[in-house]
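Have a look at the structure below, then the notes.
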Amino acid sequence: MIAIEATGLGKSFGKVTALAGLDLNVPQGRVCALLGPNGAGKTTAVRILATLTRPDAGTARVAGHDVARQPRRVREVIGLAGQHAAVDDDLTGRENLFILGLMHHLGRPSAGARASALLEQFGLAEAADRLVKTWSGGMRRRLDVVASLIVAPQVLFLDEPTTGLDPHSRAEIWAAIRALAADGTTILLTTQYLDEADHLSDQIAIVDEGRAVAQGSPDELKDTLGSRVDIVVADAADLPAAAAVVHRITSHPPRTEAGERRLIASVAAGALTLPELVRRLDAAGVAAEDVSLRRPTLDEVFLDRTSDPRDTQAAA
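Everything in the sequence shown is counted per my numbering, starting at 36 for the first residue and increasing by one.
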């Protein structure tokens with residue numbers, strides 16, 4: 036089953052186009068990270084899917100319900116943790132969750148039981164009866180996520196859940212997301228941290244200028260750039276011979292940096308092994324000080340697929 040489905044989503048705010056035909060499909064039970072430069076349309080997409088904003092064009096369905104025609108049904112099956120805190124600092128953690136439970140018509144006994152269970156599940160039980168204003172940033176952000184789970188959602192939207200948190204607090208949020216995914220919740224998160232997307236996601240959608248420009252698992256996206264070859268020769272005079280060796284493997288001419296005695300190239304994923312590359316260089320009489328063959332990072336995929344917002348601003 037497809038838990039989140041968007042086709043041709045469009046949204047403008049005055050003369051600013053936020054979404055320009057976004058397509059997105061997330062199967063049930065997956066963690067999908069929505070990546071893109073600032074202003075790419077990620078938060079707008081989340082707001083449309085969570086029924087907070089109506090699209091100007093296109094269609095979207097969440098858990099089988101149309102977000103424009105069945106917003107109430109969508110809200111019954113989703114949770115949302117936005118960029119800004121949704122909890123009251125002047126209440127305790129338990130009070131925050133209890134009140135949210137009452138707002139969701141759980142009834143006092145059920146609301147209390149649900150609050151206690153969530154606080155225990157996400158490691159907040161010891162602080163549950165302290166005012167939230169006394170909690171650490173990571174604990175408060177965890178409470179934000181927990182607040183979106185008062186009624187166990189089929190689909191959870193997390194808009195930059197770890198922005199501004201220290202590494203320890205980020206790890207706590209990561210653990211919470213993994214636990215939810217293990218229980219079958221479909222999660223769509225936006226993030227500026229590519230390592231976060233790489234570690235947490237089954238699926239990634241890269242958005243640029245309001246459109247999805249790449250979708251797939253982290254490994255699938257990395258494979259689209261192939262493997263990266265990096266060779267440092269002992270003598271710069273050997274660079275042409277090293278380039279000839281590599282050029283036989285890839286259709287793209289390698290880039291050489293004579294001052295650093297370095298050669299850099301991309302080859303198709305799985306087209307070459309490191310021992311094979313070393314043997315070919317030896318056979319060509321190339322003395323290499325260092326040879327590496329590595330998979331590209333998600334950062335490199337991101338930079339390859341997206342435009343620099345500063346370029347757009349300069350053109351305007």
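Ideal Cβ placement from N, Cα and C applies to all residues, glycine included. Because the structure is a prediction, the values reported are computed rather than measured.
- prompt: How big is the Cα-Cα spacing for D273 and R297?
  reply: Position 238 of the sequence shown holds residue 273. Position 262 of the sequence shown holds residue 297. Approximately 10 Å between the Cα atoms of the pair.
- prompt: So K77 is in the beta strand (DSSP E); what residue range does that whole segment cover?
  reply: Walking along the sequence shown from the start, residue 77 turns up at place 42. Counting along the chain, K77 falls outside any beta strand (DSSP E), though it belongs to the alpha helix (DSSP H) covering K77 to L84.
- request: Tell me where the alpha helix (DSSP H) around Q156 begins and ends.
  value: Within the sequence shown, residue 156 is the residue found at index 121, counting from 1. Secondary structure note for Q156: its alpha helix (DSSP H) is the uninterrupted segment R143 to Q156.
message: On the criterion of 16 or more Cβ atoms from any shown chain inside 10 Å, does E155 qualify as buried, or is it exposed?
response: On the sequence shown, residue 155 is found 120 positions in, with the first residue counted as 1. Only exposed fits E155, as fewer than 16 other CB atoms lie within 10 angstroms of its CB.
message: For the structure I just gave you, are there three or more beta carbon pairs, one from the segment 50-64 and one from the segment 106-113, closer than 8 Å?
response: No, they do not touch.
task: Output the boundary residues of the alpha helix (DSSP H) element that contains E161.
output: Here residue 161 corresponds to residue number 126 of the sequence shown, with the count starting at 1. Note, E161: premise wrong, no alpha helix (DSSP H); not H, not E.
Alpha helix (DSSP H) segment containing N131, residue limits: The count along the sequence shown starts at 1 and reaches residue 131 at position 96. N131 -> alpha helix (DSSP H) spans G128 to M138.
query: Quick one: what does DSSP say P62 is sitting in, helix, strand or coil?
result: Taking the first residue of the sequence shown as 1, we reach residue 62 at position 27. Of the three classes helix, strand and coil, the one that applies to P62 here is strand, per DSSP.
message: At the level of alpha carbons, what is the spacing between R340 and F133?
response: Residue mapping note: residue 340 aligns to position 305 of the sequence shown, counting from 1. Residue mapping note: residue 133 aligns to position 98 of the sequence shown, counting from 1. Computed Cα separation, rounded: 45 Å.
query: What distance in whole Å lies between the Cβ atoms of D201 and G173, which are believed to be in contact at a cut-off of 8 Å?
result: Here residue 173 refers to the residue found at position 138 of the sequence shown. Here residue 201 refers to the residue found at position 166 of the sequence shown. With a Cβ gap of about 7 Å, G173 and D201 count as contacting.
Buried versus exposed, by CB contacts within 10 Å (16 or more), F192: Here the question's residue 192 lines up with position 157 in the sequence shown. With 16 or more Cβ atoms within 10 Å of its Cβ, F192 is classed as buried.
Continuous beta strand (DSSP E) stretch holding I222: start and end: Position 187 of the sequence shown, counted from the first residue, corresponds to residue 222. Looking at the DSSP string, the run of the beta strand (DSSP E) that includes I222 is T221 to T225.
message: Cutting at 7 Å between CB atoms, please list the residues of its own chain near A163, excluding the five before and the five after it.
response: Here residue 163 refers to the residue found at position 128 when the sequence shown is read from its first residue. Excluding residues within five positions, the ones whose Cβ falls inside 7 Å are T127, G128, R129 and L154.
task: Put A350 into one of helix, strand or coil per three-state DSSP.
output: Residue numbering aside, residue 350 sits at position 315 when the sequence shown is read from its first letter. Annotation note: pLDDT 38 at A350 (below 50); position unreliable, coordinate value reported separately. Residue state, collapsed to three classes: helix.
task: Could you have a look at D334 and say whether DSSP puts it in helix, strand or coil?
output: In the sequence shown, the residue the question calls residue 334 occupies position 299. Helix at D334.
message: For a test of the three-state rule: what should DSSP assign to E324, helix, strand or coil?
response: Within the sequence shown, the letter at position 289 stands for residue 324. The answer is strand: DSSP assigns E324 an E or B state.
field: Length-filtered (4 minimum) alpha helix (DSSP H) runs lying within the segment 228-309
entry: 229-235, 253-258 and 274-282
field: Cβ neighbour criterion (16 or more within 10 Å) applied to K50
entry: Along the sequence shown, read from residue 1 onward, the residue named residue 50 stands at position 15. Exposed.
- prompt: How long is the line joining the alpha carbons of A187 and L115, rounded to whole angstroms?
  reply: On the sequence shown, residue 187 is found 152 positions in, with the first residue counted as 1. On the sequence shown, residue 115 is found 80 positions in, with the first residue counted as 1. Answer to the nearest angstrom: the Cα atoms are 11 Å apart.
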